Structures are given as C-alpha cells and as structure tokens.
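Chains as they are written, first to last, in my numbering: chain A, 355 to 631; chain B, 540 to 938. C-beta: ideal position from N, C-alpha, C; glycine also. Owing to the predicted nature of the structure, the values given are computational and were not obtained by experimental measurement.
And the structure:
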C-alpha cells in the first residue's frame, strides 16, 4: 500500500521496504533543500517516520550525512564501514533534496509527486551562499560559542527531548544532579509537541551574530516559548522554510533542522513549525 | 545562643560616604582613565579628609567587556587610582556585577573584616565592532538553550513582554510611557548617555528590534564607570555629616533560562531579594521615596515595579500609564536618573551607578528639577541577565 503524507515539513512516501522523504521545495523542476534543511535533516525525518512502523537498531549512513547528529536525534546506531555488508537498513541520497531509508538491496522507486513549492531563485541562491560561508572552516563567528563537546553532551535532550521524570513531575532539559525533589528520577522522552506561550521575531540587525549571515536573507529570526505537551517549557527557533502566523496557545510540533554552523560544524536542533490539524 | 549573641555583637552598620561616576555614553577614555575618573569623583565627594590608601578592600564589578585588559583587570584599575596594594577582585554577575560588588563590600564591613571599602563597576563597550559587541551582549544569557534558539536579551525580554500583555491588562503603550518618562528624567541628568526627551508618538513608532520591543524599549550600549565608598558606622561621621546608610540588603538567584521558570512575567530573584532588603530595613515598599530599578528594557521596569511592591501584580502597566513613577508625582519616583534606558547601561558599572544617584538624591545634591522632594529613603535594584541574579539595597538618611 503506497501512502504519501506531509511529515515534519517534508513529503514522506512509505513502502513496505523503504521510505522516501522529499523536500517540498522546487527550483526549475528540481527538488531543493529548504532554508534550514539538508541531507541530514531529511535523513532524520526518514528514520523517524520509519521508526513509527518498525524497529531499526542500526543503519548505514553515506558520506554527506552527519551520522553523529542523526544517531543522537533518532536513537539509531550507526553501522561501521567494516560491517557494511551486514547492515539491514541503509540511507540513500539523491542528486536532489531526496533521502531514502531502505532495507538493504531493496528496489527503490522514487515517486513523482505533484506537491511542489516553487522557491525564488534569488532567495535560494542567497541562502545557499550564506550557508556556504557559514560552513567554511575559516568562519569563526562572534556568536556565543557552543563547543562540539558541549553540543554532544546535550545531544539527546536537544535532539530527542530526553528529560527526567518522577511521578507527575517531568524535567527538561535534564539536571545533572538527576534529582527532582531530592530523589532519583527515570529518563523520559518527551513528545515533540507543545503550544505557544509567547514568541518574538528579531530583526535582521538584531539577530545574534552567529545568525548574521542568514538573518538578512530571511528577514530576521523567530523564536517561540512552548509549553511542551509533557509539562516543561522550551524555547525554540521556528523553521526557516515556512511562513508562520503566531497565535497564543496554537499547537506546534518540533522538527529536526539546521541551527547554525561555526568552524565547519553544523549545530542541529529541534525547531518549531505550526500544526494545521 | 551564645554564638548568636556574639555574632550580633560584632555587627556594624554601614554607610556610604562618597560616590562618583563618569558620564555614561561613548566615553573618550579607556578602562584605566574611566575608572580613575569615577574613583577620583567618589573620593572628592567625601566631605572630610580621605586618602585612597585607606581603602582596605575593593570590589569591582565588570563583565570584562571591550578591547582591553580582561583578566586581572581589577588590580590594574586600583593601581591607576591610588589604591596600590589593596585587596581587590573583580565581581562578575552579568549586568548585576556591581550590585553584587556593592553587596560584597557591605558584607566585608558588616562582618567586621574591614572598615573602609570601595565598590565599583566598569565597562567599555563602544570600542568594539558591532559584531564583537553583539557577541559580548549575548554571553550572559543561557548559551546552550536560549542562544541556540536565536535569542538575544532583547529577544528574551520581548518574550516576557508579549506574555505579560497576554496575561494582564497591558499593551505596548504602557512600555512607551516608561520610555517617555525615563527619557524625560535623563534629559535633566548631565551624566546620562541620552539627554533628550522623546515624544510618545516617536517612542511608539520606533524601529522594531525584537517584536514587540522597539529601539525605544531598549537601553543603549554605554561606556562608563562608577565607584562608591563604604565605611563602618564608627567612621561615618569622620568623613561626612550626611552619610547615606545602607538599611537593608538582599540578593537572590533564579533559573538562568526563561524556560525553566514557572512564570516569565515576574522575576522571583527580585521578589526574594527585595523581601530580604525590606525586612532588614524594617520598611515597606510604600515607604520608599525613590527607586533606581533595572530597566534594561521597558518591560523590565514594569515587572520591577510589581516585583518590588510599588504596584500590585498585573498593575505595572497601569502604574506606568498613570505616570506614578515620575519625579514627585507618585508615592515612589522610579528612575530619577533616567534609568538604564536613558542614563545608560554600562553593564558592570550600572549597579554602583544606581547607588551614586541614590547617594546624591538623599543628600539633595542633584539638579533642582530632578531632585525628589524630602527624600528620606531609596532603593536600588540591579538584575543580571533576564533575572538569574538580583541584588536589592535599601538606603536611608537616618541610620
């Protein structure tokens, strides 16, 4: 049974042996990445979609996808190259903004979808150029600095919403004491949903300096404070590739996207997008 | 019980006998020059004979901002202000750095370890490129979660403002009233960064920085230094006939990040610090004649008037709308100096800069139009970040 749906801002097509994730954005007939998407964000969406249907413990990842962030975001281990032949699942990339998670040796057919959002070439090229500059090793922004070690340490809470719970109390981000009211807590993965408590849009000139290359192209950056479905509050950027009309108490979901790059290393995170039920 | 009696027996009262500051703004001098100017003015303001060498302990608040000495800055500063050899250290609590430096100085005397102490603060912000400046302005927020979510301090306070409007009978117009009032006060203060009034219409239509906060809701980035001299009670009248007494002191902290706080329309650290300071002083909010509150953004003043007890919860907007904080118009004058909004906000210097204003007001030494009539009591309120740290001090003409 072939099904296609909108999934985390992308187009997901599910088959028994594989799942295809396609960017909805098109330029000159070719699918291109959205403003804060790349192969890694599509791959995470593909794996999370597939995990709704079956258990995947390991996956092989091609060059061009940040395996470390993907694993942290999905909980799926990466299969080392030396055991490639034993991989039951693999991620496949396309020349376009399309990623597939498939059983090894499955026959994959990319569906032609008529859902397309045509992007403006000037906007697309300007953002591509900004990301390229931001990603260069030489680009050391003057932004508040989150080191690789710090990013990795908080990867599970940041990318999978791992929190702590004890009885009715849920804590996120987790505390290093691992205590709530003085007692040991258990780990809890929070749902990626919440409702809007407040929001702001920073002007391009007022955006943090680590966003300074892209903020002028985007017209600023927007942030929401969400009351997460499981109790704690969280502050998140909104997705760059969708227009959002903010409203108090409006439901939002959290999806995996690029935040910013520094010293050649992309910091990924969860961003909020509107839910239109 | 014997220990308690002994502890109480050595407690001393603390007085401010001197206070001075540079003009805030784009200061032509660097760190050493600015500090020397502030310290010299503080020493010169002391009525009796005073030698800088008499200072036993020095606490200097700073975020170590700017293109100059970062580490070990405090020793360099005292070296250039005649206090060679003094036991000095830098105190860092973001924008509350010198509020806490003042608290530390007060504690040093209160505990009996020193009799003559200075507290001060300094920041040089305007010698940096815009890029570097924005870096420093963000380092005191929650880096790992809020900053990665694109937030600067204008953004953080914008989140608070919008939520406040949603929860209470308030709107951006109330913030505009704060801006207009503080610009009006600052226009009369020769030490203020921005010495000009602004109309309601102009403030309401300012360039949007972080929706809903406009340029006129945000304090400027200022250079500046401030310094105050504190002494033990038995020395106070040796230096002046009109000491300003520290009647109450309180400080507290809260979650660094907004998302960890149960409410973002009140600052728990302010409430706790104020409660302790009022209790120690034996005063209520209605007995405070003037308050210098931390209005880094206009919404911060609205929240502060509530958290400090000048307005009921949810009534801070009405307090601003009614002009109750204007000089000599309400029960408590709020930010007679112009506040951070107009006087300026040289981060580390702000806390003791507030004490400078209070010191002068309680001694009837400010410009006549700015003088709060018959001022007997005053309060300073200094906040670090979006409310993670806060110090509150209550002052009086009477011991």
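Give the DSSP-derived three-state secondary structure of residue i in the structure shown.
i              : result
residue 450(A) : coil
residue 699(B) : helix
residue 433(A) : coil
residue 611(A) : strand
residue 776(B) : helix
residue 817(B) : helix
residue 590(A) : strand
residue 921(B) : strand
residue 540(B) : Any reading at residue 540(B) must be qualified, since the residue scores a pLDDT of 45, below 50, and its modelled position is unreliable; no value is offered.
residue 899(B) : helix
residue 616(A) : strand
residue 661(B) : strand
residue 551(A) : strand
residue 931(B) : strand
residue 721(B) : helix
residue 518(A) : strand
residue 704(B) : helix
residue 625(A) : strand
residue 836(B) : strand
residue 376(A) : strand
residue 553(B) : strand
residue 671(B) : helix
Along chain A, in chain order, which residues have C-beta atoms closer than 9 Å to that of residue i?
i              : result
residue 705(B) : 551, 552, 602
residue 852(B) : Per Cβ cutoff of 9 Å: no residues; residue 852(B) is ~18 Å from chain A at best.
Can you grab the Cα-Cα spacing for the pair residue i / residue j, in whole Å?
i              : j              : result
residue 906(B) : residue 937(B) : 22 Å
residue 361(A) : residue 403(A) : 8 Å
residue 557(B) : residue 896(B) : 11 Å
residue 712(B) : residue 586(B) : 45 Å
residue 540(B) : residue 604(A) : Caution applies to residue 540(B), whose pLDDT of 45 falls short of 50 and renders its modelled position unreliable; the model cannot decide the point.
residue 371(A) : residue 398(A) : 17 Å
residue 913(B) : residue 864(B) : 16 Å
residue 849(B) : residue 834(B) : 15 Å
residue 562(A) : residue 670(B) : 9 Å
residue 623(B) : residue 934(B) : 30 Å
residue 802(B) : residue 522(A) : 19 Å
residue 852(B) : residue 841(B) : 10 Å
residue 609(B) : residue 470(A) : 53 Å
residue 676(B) : residue 462(A) : 51 Å
residue 560(A) : residue 700(B) : 17 Å
residue 645(B) : residue 766(B) : 14 Å
residue 805(B) : residue 656(B) : 34 Å
Using a C-beta to C-beta distance shorter than 7 Å, which residues of chain B count as neighbours of residue i?
i              : result
residue 508(A) : 683
residue 585(A) : Those within 7 Å of residue 585(A) in chain B number zero; the least Cβ separation is about 11 Å.
residue 621(A) : 687
Run down chain A in chain order and give the residues with a C-beta less than 7 Å from the C-beta of residue i.
i              : result
residue 797(B) : 579, 589
Using the beta-carbon of each residue, which ones in chain B are nearer than 9 Å to residue i?
i              : result
residue 504(A) : 682, 683
residue 475(A) : What residue 475(A) touches in chain B: nothing, since even the nearest Cβ is about 26 Å away.
residue 613(A) : 687, 688, 689
Strictly below 8 Å CB to CB, what residues from chain B border residue i?
i              : result
residue 561(A) : 689, 691
residue 575(A) : 689
residue 500(A) : 682, 683, 686, 687
residue 481(A) : Under the 8 Å cutoff, chain B gives no residues; its nearest Cβ is about 16 Å from residue 481(A).
residue 565(A) : 689
So which residues of chain D does residue i contact, with C-beta pairs closer than 7 Å?
i              : result
residue 489(A) : As a matter of chain content, chain D is missing from the structure shown, whose protein chains are A and B.
*Are the stretch 381-391 of chain A and the stretch 415-425 of chain A touching, with three or more C-beta to C-beta distances below 8 Å?*
no
*Given 8 Å as the limit, is there contact between the stretch 502-510 of chain A and the stretch 478-486 of chain A, that is, 3 or more CB pairs closer than that?*
no
*asked:* Can you pull out the residues from the stretch 511-542 of chain A whose beta carbon lies closer than 7 Å to at least one beta carbon of chain B?
replied: 527
_With three or more C-beta pairs closer than 8 Å as the rule, is the stretch 625-645 of chain B touching the stretch 593-603 of chain B?_
yes
*Which residues, taken in chain order from the stretch 671-685 of chain B, show a beta carbon closer than 7 Å to some beta carbon of chain A?*
671, 673, 674, 677, 678, 682, 683, 684, 685
*Inspect the CB distances between the stretch 869-883 of chain B and the stretch 752-766 of chain B and report whether three or more fall short of 8 Å.*
yes
*Would you list, in chain order, the members of the stretch 737-760 of chain B that have their beta-carbon closer than 7 Å to a beta-carbon of chain A?*
747, 748, 749, 750
*Quick check: the stretch 795-813 of chain B against the stretch 564-583 of chain B, are there 3 or more CB pairs under 8 Å?*
no
*Mind listing which residues of the stretch 689-705 of chain B have their C-beta closer than 8 Å to chain A's C-betas, in chain order?*
689, 690, 691, 693, 694, 697, 698, 699, 701, 702, 705
*asked:* Taking 8 Å as the cut-off, does the stretch 771-788 of chain B touch the stretch 809-816 of chain B (at least 3 CB pairs, one atom from each stretch)?
replied: yes
*Could you run through the stretch 456-470 of chain A and flag, in chain order, every residue whose CB is less than 7 Å away from some CB of chain B?*
none
_For the pair the stretch 584-602 of chain A and the stretch 544-555 of chain A, tell me if three or more CB-CB distances fall below 8 Å._
yes
_the stretch 723-740 of chain B in contact with the stretch 617-625 of chain A per 3-pair CB rule at 8 Å_ = no
*Is the stretch 867-876 of chain B touching the stretch 682-696 of chain B in the sense that three or more CB pairs, one from each, lie closer than 8 Å?*
no
*At a Cβ cut of 7 Å, what residues of the stretch 393-406 of chain A count as close to chain B, listed as they run along the chain?*
none
*Per the contact definition of three or more C-beta pairs closer than 8 Å, is the stretch 641-661 of chain B in contact with the stretch 887-901 of chain B?*
yes
*Residues from the stretch 374-392 of chain A in contact with chain B, defined by Cβ distance under 9 Å*: none
*Would the stretch 636-648 of chain B and the stretch 911-925 of chain B be scored as touching if the rule is three or more Cβ pairs under 8 Å?*
yes
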